Amino acid sequence: MDLRFGDSKPTDEERDAVDALLGPPESAWEGADDRSDADLRWARGGRAARGRRDLLLPGLHALNDRVGWISEGGLGYLCRRLTVPPAEAYGVATFYSMFSLEPRARTVVRVCTDLACAVRGAVPSAERGGAVEGVTVEDSPCLGLCERAPAVLTMRAGGPAGLSPTPPLPETGGSAPGPPNRRSAPRPQSPDRLEPSRTGTFSARPAFEDEAEGRSAADRPTATGHLPLGSRAEPPPAQAVPQAKAPGLILLRRIGVVDPSSLDDYRAHGGYTALRRAFALGPAAVIREVTDAGLLGRGGAAFPTGRKWQATAAQPDHPHYLVCNADESEPGTFKDRVLMEGDPYALVESMTIAAYAVGAKHGYLYLRGEYPRALRTLEHAIGQARARGLLGDDILGQGFSFDIEIRRGAGAYICGEETALFNSIEGYRGEPRSKPPFPVEKGLFGKPTAENNVETLVNVLPILAMGAAAYAAIGTPKSTGPKLFCVSGAVARPGLYELPFGATLGDLLGLAGTPGNLRAILLGGAAGGFVRPDELDIPLTFEGTREAGTTLGSGVVLAIDDSVPLPRLLLRVAEFFRDESCGQCVPCRVGTVRQEEALHRIADRTGAAAAADIALLRDVGQAMRDASICGLGQTAWNAVESAIDRLGAYE
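Count the sequence shown with this note's numbering and you get residues -11 to 639, in order.
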C-alpha cells in the first residue's frame, strides 16, 4: 500500500472531530503528536489496520459536519488514523455531493431543483439572484420532500458545543442523539421566498403555515439552522399523509396516531406482536410465511422477498448480514422518509424479524444524508429498543442477538443500487459491482447479505400479524398486499397514499385531486415513464404497468399540468442522470452526457429540425439500456423515450 501524505496539518477542530469518532490515536503512526520508543519498534498493520476501512464514510461526515468542508490536512489525518491511501480517500470524498473539498461557509442552503420542485416553480441557481455573506447556496437533486415542494435543506456546521438545545424526548428525559452539527430537515420553500433577510439568513417558512396561523408575511420569522425533533417549524409526519387516521390502512395506520418517540405507545398499538409470532414460528416458518404472502420488493425491481431471504439463510458462509436500504433518492419518492419519521419502531421491529429469518446478528440501516429528522428519530428508537431488551443480546429472552447500526449516505443516487450501497458502507466509492456473485452469496464484506428497502420490510409486520393467506388476499394474485404511492406535482392534495394493488391510476389521482388541465403523469420517477391523461385506467400493479408499457417503480406519481414546459423537464431528467452516473461503465458515463447534449440542442425545436437528434437519442438510449452495468444507465432513457413516443414531446 503506497501512502503519500502531504505537508498540510489538521486543525485542532478537525483532530477533535476525527478523534471523537475513532478515539485518540494509539501511536505516532496513526497521528499522535509524540513518537515513543515503542513506535519505532512496531506499527499495527495487516488485517487489524485494514479492518477499520468501513469507518471512512463516517469519518468524512465527522469532518464535514464539524467544519463545513474537508481540508487536505483533515483528510490526511483521517487517512492516517484508518491506514487508507489518501488518493483513495480523495476518490471517496469527491464521490458524494454533500461533501466539499473546497472552503465554503459553515451554513449551506441546498435548494432542490429536481422534478417535483421544478413542477412547483423551483429554479436553478443560474436564474436566481442574491447572495448572503456567510452562506453558501447550492442546487440540489431531490430532497425527498416532494409533497411540500419546493424544498430547501439548511446545513450548519459546528461542534457539539454549538448545538442548539433540543427538547427532551418523553422516554429519556434527555436530548435525542444526533450528528455533531446543526442541521434542519428539508423545508418547503417557494422560489420567491429564497431571498436574503435583513439578518443574513434565509426565509424558509411555508405559506400554508402562515395562513393556518393567521400570520402576515411581515410577521413571518426566518428559520435557519437546527430544527429539533417535533418543532413547530417542521410539520409532523402525518401532514404528509392525507389519509392519516382513516380506517382500513395497514402500513400507514400508526402515522398520526402513535407518538413516534414513544416505544410504549407503539406497543400499545400492536407493536412487537409480529416479532413474538416470529419467535413462535421459527426462522424457516417466517420465511415460508413471507413467501406464501407473495411479498415483492417495493424498491422497483419487484424481486420476491421470501426467495431472497431463503437464499441468504441457506448460505453456509458466516456471518450473514441484513441491510436496510433507506437511501431513497429517486426524484419524487418520499415514502420511506414518512415511515421512518412517523413509525420508526415498525422499521426496527421488521429489521429484527428479517435478521432472525436469515440468521444475521448485525444489521446496517443506510440512511439518506438529506434526512436529518429521520436520523434523529431512528437513533432514538434504536436506543430505546436496545434499552428495553428488544435489540442486543438475548432479545425477549429467546437467545437471539441482533443489533442495528445506522450509516449515513452523503448524496449519491447510485447508492440506492444494492452493491453500490455495500461499497459505500465498506468505505469505497459507491460504484455497483458486477453480478454474479449475487449479494445473497457475497454481499456486504463479502458475506451473504439480505438487502431490502424500508417499505418492503414494514410489510413483514402485517404478514405475520394477519397471516400469509389474508395478506395475499389483498391486491391481485401477482401483486399482493398494500402499496404506498408518492403523489406530487399538480394535485390538490399531494402526499403519501396507501392503496391495495389493483387500484387504478385514476382512483389514486381522484383521491389526490387532479386539475382540469392535466397534461401528463410521470410514473416511477426519473427512471420511470410518462403516461397520458387518457390512460388513467392503468391498474397500479407490477404486471399492469408492464402491460401498459410503463413501470410502477418505487411508487412515484408526479402529475404535470400544461403550465410546465415539457422539454425543460426532460432536460432536467437528463441532467440528473448525467450528474448521478458513477462513471464506471462507458455506456452510462458517455451516454448520459450525449443524451443531455442532444436534449439541449432540441430544447426549442420540433418536427424535422429535431428528427436527427431524436434518432441519435434512440441509439444512445438503446446502448445504455443494453450495456450499462446497473439500473441507472439501463433506465436513464426511459422517461425521455416515453415523452417522445407517448406525449409527442417534440412534434
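Virtual Cβ for every residue (Gly too), placed ideally from N, Cα, C. Treat the numbers as computed from the prediction; the structure is a model and nothing was measured.
* residue 331 burial status per 10 Å Cβ neighbour count (16 or more: buried) -> By 1-based counting over the sequence shown, the position of residue 331 is 343. Counting Cβ neighbours within 10 Å, residue 331 comes out buried, since at least 16 surround it.
* Return the residue from the list 111, 456, 419 and 243 that minimises the CA-CA distance to residue 266. => Looking up residue 266 in the sequence shown gives position 278. Of all alpha-carbon atoms in 111, 456, 419 and 243, the one lying nearest the alpha-carbon of residue 266 is that of 456.
* **CB of residue 478 within 7 angstroms of CB of residue 547, strictly** => As a first step, residue 478 is located in the sequence shown; it is residue number 490 there, counting from the start. As a first step, residue 547 is located in the sequence shown; it is residue number 559 there, counting from the start. In this structure, residue 478 places its C-beta atom within 7 angstroms of the C-beta atom of residue 547.
* Identify, in the order they occur along the chain, each residue of the same chain with its Cβ nearer than 8 angstroms to the Cβ of residue 90, setting aside the five sequence neighbours on each side. => Translated into positions along the sequence shown, residue 90 becomes position 102. Hits under 8 angstroms: 57.
* Asked: For residue 607, which of 575, 328 and 526 has the nearest alpha-carbon?
  -> Within the sequence shown, residue 607 is the residue found at index 619, counting from 1. Residue nearest to residue 607 within the set 575, 328 and 526 is 575 (criterion: CA-CA distance).
* Asked: How would you write the range of the beta strand (DSSP E) that residue 302 sits in, first residue to last?
  -> The sequence position of residue 302 within the sequence shown is 314, counting from 1. Residue 302 -> no beta strand (DSSP E), and no H or E assigned at all.
* **Sequence-distant residues of its chain with Cβ nearer than 8 angstroms to residue 413 (five each side left out)** => Locating residue 413 in the sequence shown gives position 425, counting from the first residue. Close CB contacts of residue 413 within its chain, under the 8 angstroms cut and outside five residues either way in sequence, are with 42, 45, 311, 352, 354, 395 and 432 (chain order).
* To do: Give the DSSP-derived three-state secondary structure of residue 126 in the structure shown.
  => What you label residue 126 is simply residue 138 of the sequence shown in a count that begins at 1. In this structure, residue 126 counts as strand in the three-state DSSP scheme.
* N-terminal and C-terminal residue of the alpha helix (DSSP H) that residue 640 is part of -> The structure shown does not extend to residue 640, since the chain spans only -11 to 639, so no value can be given for it.
* Minimum C-alpha distance to residue 357 - residue among 15, 326 and 131 -> For the purposes of this step, residue 357 is taken as the residue at position 369 of the sequence shown. It is 131.
* Could you give the DSSP three-state label for residue 590: helix, strand or coil? => Counting from 1 along the sequence shown, the entry for residue 590 is found at position 602. Residue 590 sits in coil when the DSSP states are folded into three classes, being neither helix nor strand.
* To do: Mark residue 541 as exposed unless 16 or more other C-beta atoms lie within 10 angstroms of its C-beta, in which case mark it buried.
  => The residue given as residue 541 occupies position 553 in the sequence shown. Residue 541 comes out buried.
* **N-terminal and C-terminal residue of the beta strand (DSSP E) that residue 403 is part of** => The count along the sequence shown starts at 1 and reaches residue 403 at position 415. Run containing residue 403: none; DSSP gives neither H nor E here.
* **Burial state of residue 228 (16 or more Cβ within 10 Å)** => As a working note, residue 228 is residue 240 in the sequence shown. Per the 10 Å Cβ criterion, buried.
* If you draw a straight line from the alpha carbon of residue 83 to that of residue 63, how long is it in whole angstroms? -> Taking the first residue of the sequence shown as position 1, residue 83 is located at position 95. Taking the first residue of the sequence shown as position 1, residue 63 is located at position 75. Distance from the CA atom of residue 83 to the CA atom of residue 63, rounded to whole angstroms, is 14 angstroms.
* Helix, strand or coil for residue 390 per DSSP? -> In the sequence shown, residue 390 corresponds to position 402, counting from 1. The answer is strand: DSSP assigns residue 390 an E or B state.
* **Selected residue, minimal CA-CA separation from residue 129, among 296, 104, 521 and 143** => If you number the sequence shown from 1, residue 129 lands on position 141. It is 104.
* Can you tell me which of 630, 333 and 138 puts its alpha carbon nearest to the alpha carbon of residue 256? => To locate residue 256, count along the sequence shown from 1; it is residue 268. Out of 630, 333 and 138, the CA that lies nearest to the CA of residue 256 is found in 333.
* Asked: So does the segment 488 to 506 actually touch the segment 421 to 436, counting three or more Cβ pairs closer than 8 angstroms?
  -> At 8 angstroms Cβ cutoff, the stretches do not touch.
* DSSP bridge partner residues for residue 486 (one or two, in chain order) -> Residue mapping note: residue 486 aligns to position 498 of the sequence shown, counting from 1. According to DSSP, residue 486 bridges with 472.
* Asked: Which term fits residue 156, buried or exposed, when burial requires 16 or more other beta carbons within 10 angstroms of its beta carbon?
  -> Numbered from 1 along the sequence shown, position 168 holds the residue referred to as residue 156. In this prediction, residue 156 has a pLDDT of 30, which is less than 50 and means its spatial position is unreliable; nothing more can be read from the coordinates.
* Going by C-alpha distance, which of 549, 633, 464 and 439 is nearest residue 537? -> Counted from its first residue, the sequence shown places residue 537 at position 549. Comparing Cα-Cα distances from residue 537 to each of 549, 633, 464 and 439, the minimum goes to 633.
* Would you check if the distance between the CB atom of residue 262 and the CB atom of residue 460 is smaller than 7 angstroms? => Within the sequence shown, residue 262 is the residue found at index 274, counting from 1. Within the sequence shown, residue 460 is the residue found at index 472, counting from 1. Their beta carbons are not under 7 angstroms apart, which means residue 262 does not touch residue 460 by this criterion.
* Opposite residue 441 in the DSSP bridges: which residues? -> Residue numbering aside, residue 441 sits at position 453 when the sequence shown is read from its first letter. Looking at the DSSP assignment, residue 441 forms a beta bridge with 313.
* Asked: Cβ of residue 451 within 7 angstroms of Cβ of residue 277?
  -> Within the sequence shown, residue 451 is the residue found at index 463, counting from 1. Within the sequence shown, residue 277 is the residue found at index 289, counting from 1. Yes, Cβ-Cβ distance for residue 451 and residue 277 is below 7 angstroms.
* Asked: Looking at the structure shown, is residue 95 part of a helix, part of a strand, or coil, going by DSSP?
  -> As a first step, residue 95 must be located in the sequence shown, where it is residue number 107. Strand at residue 95.
* To do: With a 10 Å radius around its C-beta and 16 neighbouring C-beta atoms as the bar for buried, classify residue 136 as buried or exposed.
  => Counted from its first residue, the sequence shown places residue 136 at position 148. Residue 136 should be labelled buried.
* DSSP state of residue 377 mapped onto helix, strand, coil -> As a position in the sequence shown, residue 377 is number 389, starting the count at 1. Here residue 377 sits in coil by DSSP.
* Asked: How big is the Cα-Cα spacing for residue 525 and residue 494?
  -> Counting from 1 along the sequence shown, the entry for residue 525 is found at position 537. Counting from 1 along the sequence shown, the entry for residue 494 is found at position 506. C-alpha of residue 525 to C-alpha of residue 494: approximately 6 angstroms in a straight line.
* Validate contact between the segment 398 to 408 and the segment 362 to 373 using beta carbons, cut 8 angstroms, 3 pairs -> Result no; under three Cβ-Cβ pairs closer than 8 angstroms.
* With DSSP as the reference, label residue 554 as helix, strand or coil. => Looking up residue 554 in the sequence shown gives position 566. Of the three classes helix, strand and coil, the one that applies to residue 554 here is helix, per DSSP.
* Asked: So which of 5, 141, 65 and 564 has the shortest CA-CA distance to residue 581?
  -> To locate residue 581, count along the sequence shown from 1; it is residue 593. Nearest in C-alpha terms to residue 581, of all of 5, 141, 65 and 564, is 564.
* Asked: Would a C-beta distance cut-off of 7 angstroms place residue 308 and residue 300 closer than the cut-off?
  -> Sequence index remark: in the sequence shown, residue 308 carries index 320 (1-based). Sequence index remark: in the sequence shown, residue 300 carries index 312 (1-based). Yes.
* To do: State the Cα-Cα distance for the pair residue 270 and residue 338, rounded to the nearest angstrom.
  => Taking the sequence shown and counting its residues from 1, the one referred to as residue 270 is at position 282. Taking the sequence shown and counting its residues from 1, the one referred to as residue 338 is at position 350. Rounded to whole angstroms, residue 270 to residue 338 spans 15 angstroms at the Cα level.
* Asked: Buried or exposed: where does residue 233 fall if 16 or more other Cβ atoms within 10 Å of its Cβ makes it buried?
  -> Residue mapping note: residue 233 aligns to position 245 of the sequence shown, counting from 1. With fewer than 16 other Cβ atoms from the protein chains shown falling within 10 Å of its own Cβ, residue 233 counts as exposed.
* Asked: residue 622 and residue 616: beta carbons closer than 7 angstroms?
  -> Within the sequence shown, the letter at position 634 stands for residue 622. Within the sequence shown, the letter at position 628 stands for residue 616. Contact flag set, yes.
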